[in-house]
Amino acid sequence: MRPSKSRFVTACQQLLALGAVLAVLAPAVEVLSLDVVTAPGEAAPGTAVAPGRPTLEARESVPTAEPAPTARVETAPVEPVVTEAPLDEPVEPVEPADEGADGIEDGSGDSAVQSAPEPVEGYGAVGVTWSAESDLEESDIAVRVRTRDGAGWSDWSELEYHDEHAPDPGTPEAEGSRPGTELLLVGEVDEVQAEAVTAEGVSVPADLSMAVIEPGESRGTEVEAPAIDTATLPADELPETSVPSSEGDLALQAGTVTSKPKIYSRAQWGANERMRSGSPSYYEVHAGFVHHTVNANNYSRSDVPGILRSIYAYHTQTRGWSDVGYNFLVDRFGRIWEGRAGGVGRPVVGAHTAGYNDYAFAMSAIGNFELVQPSAAMLDAYGKLMAWKLSLHGIDASDSSQRVGSRTFPAINGHRDAGSTACPGRYLYARLGQIRNLADGYQAGWSGRSRETDLVASGHPDLVVRRKSDQAAFVLPTGGFLRFTSGRGAGRGYDKYDTVVVSPDLTGDGEADLFVRNENGTAGTRPGTSGRGYATAIRATDAFRGLDQITAVGDLNGNGHNDLVARDPRTGTLHLFRGRGNGAFRRAELATGWNAYDLTIATGDLDGDGRDDLLTRSGDRLWLHAGTDSVRLKPAVAVNGRHWADWDTITGFGDYDGDGKADLFVRSRATKDSYVYGGRGNGRFRKHWLGPFGRVQKLGQLSGGQVLGSKQPDLVGVKDDRLVVVRHAGTKHTLARVSLGNALAGADQVLNVGDWDRDGRGDLLSRRDGQMRLHRGLGGGDFAAPAAIGGGWAGVRLLEAVGDVTGDGRPDLMGQPSGKAMRIYPGRGTKGFFKSYVARSSIGASRQLGIGLWDDDGSPDNAFRVGDRLVWYRGNGPGGLTGGSSSLVSPDLAPYDWLVSVGDVDGNGRQDLVARKGSQLWLLPGSRKGFKQPRFLAGGYRGYDLVG
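By our numbering, the letter at position 661 of the sequence shown is numbered 668, and the numbering carries on one by one without gaps.
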């Protein structure tokens with residue numbers, strides 16, 4: 008910086024410092040800076056109005072009470088009056104107010120111009136602008152004003168200039184705008200005069216002009232409550248509070264949503280809508296900025312509408328902006344006022360924080376908080392507004408890392424965080440932490456924002472399908488997806504055993520036990536201890552020495568006690584060790600010729616005859632040896648499939664998939680991934696395995712059984728010297744289907760929308776002949792008869808249930824009318840829909856998929872199937888969709904004709920997709936970057952034509 012410029016900046020800073028010192032040290036002295044004059048006969052709360060200029064005590068008095076529930080507002084638009092006067096009279100720069108201060112010493116090398124005194128009629132405000140061709144930094148120019156009333160001319164007072172307070176560079180709004188100072192309210196005065204001083208070597212800007220603004224003559228006022236109740240947005244009436252049912256009216260159970268502030272509308276401050284130009288533009292909201300208007304502090308409640316009109320006129324008529332720069336304004340009484348038009352719930356692009364307007368909103372505090380503290384009511388209003396507005400767009404108010412344009416900011420910031428400016432004043436800026444804490448406290452989280460699809464109250468997502476042949480519809484509930492939890496240690500010292508086998512109760516105490524044999528051939532039973540491990544071995548025996556393929560087989564001979572089998576590899580004889588119920592056994596010959604098999608497998612009752620069976624493996628074939636309730640087995644029968652040699656482990660003894668039939672658990676010899684073969688109950692297995700599963704890759708001597716007391720079999724194995732138990736999570740791929748009869752007959756689309764009517768139960772929407780019909784859930788998969796809730800849907804493509812996009816606690820839809828832009832259709836419960844609005848330009852895709860809170864920002868996101876890939880569009884709350892350039896990682900989608908978003912099926916916290924290939928349904932599990940390789944979900948769905 009050049010020395011003269013440095014001297015100039017120093018002078019300005021010292022003038023500000025001087026004002027602050029005087030404000031603190033001289034409370035009885037008349038205020039040096041200009042301030043608003045309270046309207047005749049009206050005092051600010053808790054203040055006494057003295058003749059002439061207000062005293063410092065009056066100016067610094069701020070209310071701390073709750074915001075007033077009403078305000079005196081305008082009943083009709085008011086026309087502000089703007090008068091322009093040039094600054095074209097060269098003068099010597101004025102001396103600093105305190106000659107002892109190091110200011111602009113004598114004006115040497117600096118340029119200064121003044122305006123002629125300009126008369127002021129009514130309640131005035133003043134600002135200075137200049138041509139956009141003059142490229143001035145904030146340190147290049149200082150602008151001051153003074154006023155004259157009956158007591159003579161006031162002292163000069165500085166107008167603030169911040170080049171970051173403007174539309175974003177390069178936008179249409181910026182092209183026609185003029186740089187200039189902040190607006191200063193001067194109140195009831197006779198004349199006003201402005202002076203501009205430039206730093207050494209900086210020319211006076213062209214077209215320097217003072218704007219004197221009068222807020223206009225009111226055409227009538229009324230005392231009213233805030234016109235905008237954000238709890239009803241985007242409605243024009245209150246939503247229903249009950250819905251009819253066979254049991255009388257049911258109280259609605261709204262999802263937990265952030266409390267919603269009430270806002271005074273533009274009409275209430277008398278905005279003349281003809282003064283703004285163009286239509287509002289929308290983009291994204293990722294953060295909120297705190298500003299101040301840098302004008303008066305000692306205003307009354309009734310002054311506020313006029314102050315807002317002055318700001319509006321200055322921004323539009325003098326600065327050349329399309330509208331008020333701020334999205335919201337708040338007065339010192341805690342009342343929130345609508346600023347820029349376009350909808351308080353929408354991401355309206357403002358002109359408040361240059362470079363970041365597309366990605367943020369702003370509320371400006373009316374006053375100069377470089378001089379005074381903000382009131383408690385104002386801070387509380389900031390907390391409520393920030394909490395609500397950020398929640399609409401899925402932003403956590405306490406988030407410290409939001410991407411806002413090219414930089415990263417906290418969710419709530421001061422203007423100075425984005426540029427070299429004092430805004431929002433040191434006292435308000437110092438309260439940002441309090442505002443963030445208030446906003447965080449008022450935010451209630453994202454309950455209900457993601458798409459909910461649980462229709463049978465299972466706690467897991469559900470699918471709805473329709474059979475083509477007879478139009479019969481069904482709910483297909485998922486059950487949390489079959490999975491196993493992390494292994495846990497159940498004891499040490501197991502490296503001394505060459506055989507460890509889980510068995511149903513061998514000791515008569517009802518607990519699953521562990522049969523073990525040490526390297527010397529001595530065997531015994533270690534009793535189970537209610538899932539806490541196993542006791543010391545009992546009933547030591549040498550009867551198992553030299554035998555292999557030792558397997559727990561349940562009650563094979565039907566005597567009420569569980570048994571074991573083992574093979575003598577020297578003779579090929581299979582021996583039955585009949586349990587005695589006390590950990591001891593009696594030995595008997597069961598079968599011969601067992602040398603043909605390399606594996607003996609316990610299964611339980613595999614063929615459904617009530618008797619426990621055995622399986623054996625020979626090469627790549629599997630053989631069933633059915634039990635007979637005696638010491639013999641039926642002749643071997645081949646089991647379907649020819650790939651059984653691929654597994655290094657095959658174990659059973661339980662119903663892994665939850666369908667009531669005995670299954671097999673297998674582990675790949677090559678990859679160590681594990682799978683479940685679902686039994687059919689007739690001695691055969693389903694064609695498609697379930698899995699893969701992890702957790703057991705490194706376990707030796709793996710076997711299955713009901714170890715931890717649940718109905719589902721757990722897995723037990725040995726790692727080093729530790730016994731490890733891997734618990735079955737108690738989940739299933741799918742549950743039993745629920746019939747919906749012909750409820751979807753004639754429909755061309757079904758949407759699993761979640762709790763549409765807010766009664767605590769999942770609902771469906773279906774489209775038939777262009778009409779949208781609501782199927783109210785009654786619980787347990789039952790639904791009321793469909794009721795029409797709106798027409799005109801025939802031409803809407805890509806229609807999808809997308810969760811609560813608008814943040815009002817209700818599910819919404821999104822779709823694309825033929826040849827038009829994507830639109831959001833806000834849900835309105837049993838009354839249908841609120842007015843739709845554009846979410847973004849049209850999207851070329853074959854399917855939309857609501858993928859919930861994909862990027863964890865609190866606003867539901869969407870994926871679109873474009874050919875055989877998925878494109879991610881980020882949700883931005885009421886603003887609709889952004890992005891679209893990011894492809895989500897996914898398998899090749901070409902084989903699948905169905906692709907539907909169903910929710911988090913596998914319980915990992917990510918939304919999943921369900922796809923159909925032929926007759927099979929496959930789960931595409933969600934991951935951080937997209938969707939993993941498909942996992943089999945269910946079969947038998949070739950003849951179905953509708954899914955949702």
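Virtual Cβ for every residue (Gly too), placed ideally from N, Cα, C.
- Where Val523 is concerned, the enclosing beta strand (DSSP E) starts and stops at Asp520 to Asn525.
- The Cβ-Cβ distance between Gly777 and Gly797 does not fall below 7 angstroms.
- Taking all protein chains in view, the Cβ of Thr514 is crowded by 16 or more other Cβ atoms within 10 Å, so the residue is classified as buried.
- The beta carbon of Tyr903 sits closer than 7 angstroms to those of Ala922, Arg923 and Lys924, all from its chain and outside the five residues before and after it, given in chain order.
- Within the model, the alpha-carbon separation for Gly665 versus Ala550 is close to 37 angstroms.
- Cβ contact annotation for Val703 (same chain, cutoff 7 angstroms, sequence separation greater than five): Arg674, Ser681, Leu709, Leu722, Gly724 and Val733, in chain order.
- Taking 8 angstroms as the upper bound for CB-CB distance, Asp620 and His632 are in contact here, some 6 angstroms apart.
- Nearest C-alpha to Leu888 among Glu86, His400 and Val331: His400.
- For Leu397, the enclosing alpha helix (DSSP H) has its first and last residue at Ala383 to Leu399.
- Burial of Thr738 is indicated by the presence of at least 16 other C-beta atoms within 10 angstroms of its C-beta.
- A Cβ-Cβ distance of about 17 angstroms is found for the pair His422 and Thr415, leaving them out of contact under the 8 angstroms criterion.
- Gly561 is a Cβ neighbour of Gly611, given a cutoff of 7 angstroms.
- In this chain, the alpha helix (DSSP H) harbouring Tyr449 covers Leu439 to Tyr449.
- For Gln275, the three-state secondary structure derived from DSSP is helix.
- Taking the Cα of Ala361 as reference, the smallest distance to any Cα among Tyr880, Ala669 and Thr178 is reached at Thr178.
- Contact between the segment 206 to 222 and the segment 128 to 142 is present, with at least three C-beta pairs closer than 8 angstroms.
- Taking the C-beta atoms as reference points, Thr323 is found no nearer than 7 angstroms to Arg353.
- Per DSSP, reduced to three states, the secondary structure at Trp651 is helical.
- In the DSSP annotation of this structure, Ile850 is not part of any beta strand (DSSP E), being labelled neither H nor E.
- Here Trp654 has Val673, Arg674, Ser675 and Arg676 as same chain residues with Cβ atoms under 7 angstroms from its own Cβ, once five neighbours each way along the sequence are excluded.
- Burial state of Asp728 is exposed, judged by a 10 Å Cβ sphere holding fewer than 16 other Cβ atoms.
- Two segments are said to touch when three or more pairs of C-beta atoms, one from each, lie closer than 8 angstroms; by this definition the segment 164 to 171 does not touch the segment 337 to 354.
- The Cβ atoms of Leu671 and Val646 do not sit closer than 7 angstroms to each other.
- Here His467 carries a coil assignment [DSSP, helix/strand/coil].
- If only complete runs of 3 or more residues are kept, the segment 924 to 955 shows the beta strand (DSSP E) at 927 to 931, 942 to 945 and 951 to 954, in order along the chain.
- Comparing alpha-carbon positions, the option among Ile608, Val219 and Leu445 lying closest to Ser317 turns out to be Val219.
- For Tyr951, the closest C-alpha among the options Val482, Asp520, Ala201 and Asn364 is that of Val482.
- Residue ranges of uninterrupted alpha helix (DSSP H) with 4 or more members are absent from the segment 764 to 792; none lies entirely inside it.
- Close CB contacts of Leu928 within its chain, under the 6 angstroms cut and outside five residues either way in sequence, are with Val921, Leu944, Ala945 and Tyr948 (chain order).
- The closest CA to that of Thr607, considering only Arg624, Glu596 and Val638, is found on Arg624.
- For the segment 525 to 586, not one full-length alpha helix (DSSP H) segment reaches 4 residues or more.
- Taking 8 angstroms as the upper bound for CB-CB distance, Leu439 and Val297 are in contact here, some 7 angstroms apart.
- According to DSSP, residue pairing for Tyr880 in a beta bridge involves Asn869 and Gly890.
- Within 10 angstroms of the beta-carbon of Gln275 lie 16 or more other beta-carbons, which makes it buried.
- Taking the Cα of Gly448 as reference, the smallest distance to any Cα among Arg308, Asn589, Gly826 and Leu392 is reached at Leu392.
- Boundaries of the beta strand (DSSP E) around Ile831: Met829 to Tyr832.
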